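Residue numbers (the numbering used here), protein chains in the order written: chain A, 1 to 410; chain B, 411 to 820.
2 protein chains.
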Amino acid sequence: MALIVQKYGGTSVASLEKIQQVARKVCKTHSEGNDIVVVVSAMSGETDRLIGLAQKLSKSPSEREMDMLMSSGERVSAALLAITLNELGTAAQSFTGRQIGMITDAVHMKARIQRITGEKLKEALTDHNVCVVAGFQGIDEKTGNVTTLGRGGSDTSAVAIAVAVKADLCEIYTDVGGVYTTDPKVVPNARKIDIISFDEMLEMASLGAKVLQVRSVEFGKKYNMPIRVKSTFEEGKGTLVTAEQKEMESVVVSAVAFARDQAKITLVGVPDKPGIAARIFNAVAEATINVDMIIQNTSAGGLTDLSFTIPKAELLKTKGLLSDTVSKVGAKKLQTDENIGKVSIIGVGMKSHSGVAAKAFSALAEGGINIMMISTSEIKVSCVVSNDELDKAVKILHDSFDLGKPVKKQ
Amino acid sequence: MALIVQKYGGTSVASLEKIQQVARKVCKTHSEGNDIVVVVSAMSGETDRLIGLAQKLSKSPSEREMDMLMSSGERVSAALLAITLNELGTAAQSFTGRQIGMITDAVHMKARIQRITGEKLKEALTDHNVCVVAGFQGIDEKTGNVTTLGRGGSDTSAVAIAVAVKADLCEIYTDVGGVYTTDPKVVPNARKIDIISFDEMLEMASLGAKVLQVRSVEFGKKYNMPIRVKSTFEEGKGTLVTAEQKEMESVVVSAVAFARDQAKITLVGVPDKPGIAARIFNAVAEATINVDMIIQNTSAGGLTDLSFTIPKAELLKTKGLLSDTVSKVGAKKLQTDENIGKVSIIGVGMKSHSGVAAKAFSALAEGGINIMMISTSEIKVSCVVSNDELDKAVKILHDSFDLGKPVKKQ
Numbered sequence: 001m002a003l004i005v006q007k008y009g010g011t012s013v014a015s016l017e018k019i020q021q022v023a024r025k026v027c028k029t030h031s032e033g034n035d036i037v038v039v040v041s042a043m044s045g046e047t048d049r050l051i052g053l054a055q056k057l058s059k060s061p062s063e064r065e066m067d068m069l070m071s072s073g074e075r076v077s078a079a080l081l082a083i084t085l086n087e088l089g090t091a092a093q094s095f096t097g098r099q100i101g102m103i104t105d106a107v108h109m110k111a112r113i114q115r116i117t118g119e120k121l122k123e124a125l126t127d128h129n130v131c132v133v134a135g136f137q138g139i140d141e142k143t144g145n146v147t148t149l150g151r152g153g154s155d156t157s158a159v160a161i162a163v164a165v166k167a168d169l170c171e172i173y174t175d176v177g178g179v180y181t182t183d184p185k186v187v188p189n190a191r192k193i194d195i196i197s198f199d200e201m202l203e204m205a206s207l208g209a210k211v212l213q214v215r216s217v218e219f220g221k222k223y224n225m226p227i228r229v230k231s232t233f234e235e236g237k238g239t240l241v242t243a244e245q246k247e248m249e250s251v252v253v254s255a256v257a258f259a260r261d262q263a264k265i266t267l268v269g270v271p272d273k274p275g276i277a278a279r280i281f282n283a284v285a286e287a288t289i290n291v292d293m294i295i296q297n298t299s300a301g302g303l304t305d306l307s308f309t310i311p312k313a314e315l316l317k318t319k320g321l322l323s324d325t326v327s328k329v330g331a332k333k334l335q336t337d338e339n340i341g342k343v344s345i346i347g348v349g350m351k352s353h354s355g356v357a358a359k360a361f362s363a364l365a366e367g368g369i370n371i372m373m374i375s376t377s378e379i380k381v382s383c384v385v386s387n388d389e390l391d392k393a394v395k396i397l398h399d400s401f402d403l404g405k406p407v408k409k410q
Numbered sequence: 411m412a413l414i415v416q417k418y419g420g421t422s423v424a425s426l427e428k429i430q431q432v433a434r435k436v437c438k439t440h441s442e443g444n445d446i447v448v449v450v451s452a453m454s455g456e457t458d459r460l461i462g463l464a465q466k467l468s469k470s471p472s473e474r475e476m477d478m479l480m481s482s483g484e485r486v487s488a489a490l491l492a493i494t495l496n497e498l499g500t501a502a503q504s505f506t507g508r509q510i511g512m513i514t515d516a517v518h519m520k521a522r523i524q525r526i527t528g529e530k531l532k533e534a535l536t537d538h539n540v541c542v543v544a545g546f547q548g549i550d551e552k553t554g555n556v557t558t559l560g561r562g563g564s565d566t567s568a569v570a571i572a573v574a575v576k577a578d579l580c581e582i583y584t585d586v587g588g589v590y591t592t593d594p595k596v597v598p599n600a601r602k603i604d605i606i607s608f609d610e611m612l613e614m615a616s617l618g619a620k621v622l623q624v625r626s627v628e629f630g631k632k633y634n635m636p637i638r639v640k641s642t643f644e645e646g647k648g649t650l651v652t653a654e655q656k657e658m659e660s661v662v663v664s665a666v667a668f669a670r671d672q673a674k675i676t677l678v679g680v681p682d683k684p685g686i687a688a689r690i691f692n693a694v695a696e697a698t699i700n701v702d703m704i705i706q707n708t709s710a711g712g713l714t715d716l717s718f719t720i721p722k723a724e725l726l727k728t729k730g731l732l733s734d735t736v737s738k739v740g741a742k743k744l745q746t747d748e749n750i751g752k753v754s755i756i757g758v759g760m761k762s763h764s765g766v767a768a769k770a771f772s773a774l775a776e777g778g779i780n781i782m783m784i785s786t787s788e789i790k791v792s793c794v795v796s797n798d799e800l801d802k803a804v805k806i807l808h809d810s811f812d813l814g815k816p817v818k819k820q
């Protein structure tokens, strides 16, 4: 008898048949004596449909209104799943973000969870009812406005709810079997990982692996809530994301992550004076654009070049923001490169093994791949390469660190 | 400078183009110096789509869940209209039933409004923002559950909100030009009525005219809130529904209403003893089936026949409910007739004119139409006739009382 939070994404509730399949899974776990909170996303495609409607009506729709609009999708899937569970004889109730007391800040479309009061959930769980919660949404306490947590926010809803109700486990059901050493579409012998640390998963999510939303992993780490990622449609144990354990260190590199569709912006001939970088990045940060790597070359003749990467989708907006700044800080010009991608190796074992970065650079060089930018942390090494060479770089690194081979039990 | 509540139904917000058309209307009224609360229904077809999904998943979906499901449709249209208004330069905010404090009882799918706190509306109106409210929905204060007001409930939302914010007028925009003397599809020379009393409108709405929901008219009458019914798509003053005025009495009959798809149930050979009718109708009332006319023939040999009409859609359910009761009360059998309709003449002037009913019966008799059941009130006469003869009956009565001719100004 455990208390389990299960989250089902949009592809898992994409049709009535799939909702019925999810309902049968929930009923089975419930009939085994577990209490369950189910968190659902909107039916696959629904959020995009709603955004499409709004964009036809306005170039920059009010974010408050977008949240009102988008939050309707999860209400529909939550109600439909509760209806199906009741039909199967398992007492269930649906709840909105407001009803479970999901209190967020007031930043529409990117709200952050502040706390979850959760009284209604606790009441319903006391009666052993299945609670079906509309993910992705919360409420700004001061104004009563509906907020949403940003793309993939249902993962974060689920882990935060698991923490709030003191669940034993948070299961994230998705359309893949777990977390892989890299994307099997790019590297066919990519291997499912049985267990991975929060820190590694955080890096992977940040660096482009789409299986879990970054903030959900942060929550899991902060409150030590184990997360199991598994497939809605196939049997299998999936991947357990959990606190770091000793045996994890024996694996030097756990996975290769990558992100396509990056863009590089270079400000050429920037005067090398204190405060210039701050002015540039303040302008970008105010628009909540996520700057990734930043590189500043050493100065020559009092001028330097400053490069940074951003998601390609933000390129136009960023160029617009910087057009003023470029002349204000006295830079010569602004160059952009839309043809870049990022590949990263990740592993907690890296901390205790030297030469991992050097091995990666050598492998890429042997493959004839030019590295444009590098950034490293204790547990990852990231390289920016040409987008055209990205797949090849992923394969090379996956092979170099033997990620396709089963992990040796020690 | 007035405070106006405008309600737009599902056909008025059926597409993005129509939402833009509505937005332009709202902007115009706003730019003329008026404060506006707009109440919207779900986009035409959306509520039926959602009900269809639920019915595929369950024969009798939980009514609590149905309310959660259906209330999403109005959120979408409210957000889309607010987005469009902002795009046109008119500051607007959307609000859910909860956000405006629309407190109802706990009867899901047929909730009744208890009160409207309306603080958020008043705040937004103080800033002269247009408030766009999701109609049809409220909240049960005790549980925090979402409730809906039943089909056409957005009319009721609108009038109740108009009362709560002390509006000068409630405008109900729809796909027809106003209230007609009868349905122009049946009688081509049906005439638009300029002004009509709450009582007449109440009878018309109860007796089958679909232009306004009965409860919205009850609200209007109770709080003396004038309601103007007009077309979203055409110019024109529409019809003003208001308190009775002296000149109204000069018109004996104002309109002919009718309802198709009625059914008659007859319990044959019921023992003529006290309490029998109560037992029968308690059984029906508990299922909240709306019994319309009831007729009990005089007793012969201690047995009587008891007939009543209901909407045809409720026939199966009612027969099921009564199957036990028939034998318990000792009735001989239960007969049904699905081929009936109801035609009614309505007018406050009837009170002060005798012979109106007689004139109607004569006209129908001359047309060769058999009257099966009759019921009357101070301001209406209703007759049940064969469904096949219903259109003919409507035409005959419309002609007899000269409703196609312009009203004489007196």
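For each residue, glycine too, the CB sits at the ideal point set by N, CA and C.
These numbers come from a predicted model, not from an experiment.
Separation of Leu240/A and Gly33/A (C-alpha to C-alpha, rounded to the nearest whole angstrom) is 22 Å.
A residue is called buried when at least 16 other Cβ atoms come within 10 angstroms of its Cβ; Ser660/B does not meet this threshold and is exposed.
A straight line joining the alpha-carbon of Asp337/A with that of Leu495/B spans about 38 Å. For Gln416/B, there is no enclosing alpha helix (DSSP H); the enclosing beta strand (DSSP E) has its first and last residue at Leu413 to Tyr418. Residue environment for Ala452/B: buried (at least 16 other C-beta atoms within 10 angstroms of its C-beta).
Interface annotation, Ser58/A: in contact with chain B, CB-CB separation under 9 Å. Contact holds between the region 391-404 of chain A and the region 250-259 of chain A, because three or more Cβ pairs, one in each stretch, are under 8 Å apart. In this structure, the CA atom of Lys319/A is about 24 Å from the CA atom of Lys56/A. At the C-beta level, Val146/A and Gly97/A come within 9 Å of one another. Excluding residues up to 5 positions away in sequence, Val217 lie with their Cβ nearer than 6 Å to the Cβ of Leu202/A in the same chain.
Residue nearest to Val268/A within the set Lys120/A, Ser377/A and Gly330/A is Gly330/A (criterion: CA-CA distance).
Check the Cα spacing between Leu316/A and each of Met293/A, Ala263/A, Glu366/A and Lys342/A: the tightest is with Ala263/A.
One Cα belongs to Leu531/B, the other to Ala492/B, and the distance between them is close to 14 Å.
In this structure, Ile755/B and Phe771/B do not form a Cβ contact; the two beta carbons are roughly 11 Å apart against a cut-off of 8 Å. In the DSSP assignment, Phe811/B falls outside any beta strand (DSSP E) and carries neither an H nor an E. A distance below 6 Å between beta-carbons, with the five flanking residues on each side excluded, links Ile340/A to the following residues of its chain, in chain order: Gln262, Lys264, Val384 and Asn387.
Counting along the chain, the unbroken alpha helix (DSSP H) around Leu315/A starts and ends at Leu315 to Lys328. Across the set Met109/A, Thr126/A, Gln137/A and Ser94/A, the C-alpha of Gln137/A shows the shortest separation from the C-alpha of Arg115/A. Under DSSP, Ser641/B forms a beta bridge with Thr584/B. What Ala54/A touches in chain B, judged by beta-carbon distance under 8 Å, is Ala489, Leu490 and Ile493, going in chain order. Note: Gly778/B is not bridge-paired with any residue in the DSSP secondary-structure output. Residues of chain A whose Cβ lies closer than 8 Å to the Cβ of Ile429/B are, in chain order, Leu57. Within chain A, no residue has its CB atom less than 9 Å from the CB of Gln672/B, the nearest being about 31 Å off. Counting C-beta pairs closer than 8 Å gives three or more between the region 620-636 of chain B and the region 572-585 of chain B, which meets the contact rule.
In the three-state reduction of the DSSP assignment, Phe95/A falls in the strand class, which pools E and B. Put simply, of Ser377/A, Val38/A and Lys142/A the residue whose alpha carbon is nearest the alpha carbon of Leu125/A is Val38/A.
Partner residues in the beta bridge of Ile310/A, as assigned by DSSP, are Ala263/A. Listed in chain order, the non-local C-beta contacts of Ile784/B below 6 Å within the same chain comprise Cys793, local neighbours out to five positions each way being set aside. In the DSSP assignment, Arg115/A falls within the beta strand (DSSP E) that extends over Ile113 to Ile116. The residue among Gln296/A, Thr304/A and Ile294/A with its C-alpha nearest the C-alpha of Val270/A is Thr304/A. In the three-state reduction of the DSSP assignment, Met109/A falls in the coil class.
Contact between the region 464-480 of chain B and the region 511-519 of chain B is present, with at least three C-beta pairs closer than 8 Å. The three-state reading of DSSP puts Leu169/A in strand, counting E and B together. For Lys28/A, no CB of chain B lies under 9 Å from its own CB, so it is not counted at the interface with that chain. Proximity to Lys722/B across Ser487/B, Ser737/B and Asp702/B peaks at Asp702/B, based on C-alpha coordinates. Collapsing the DSSP output to three states places Ile276/A in a helix.
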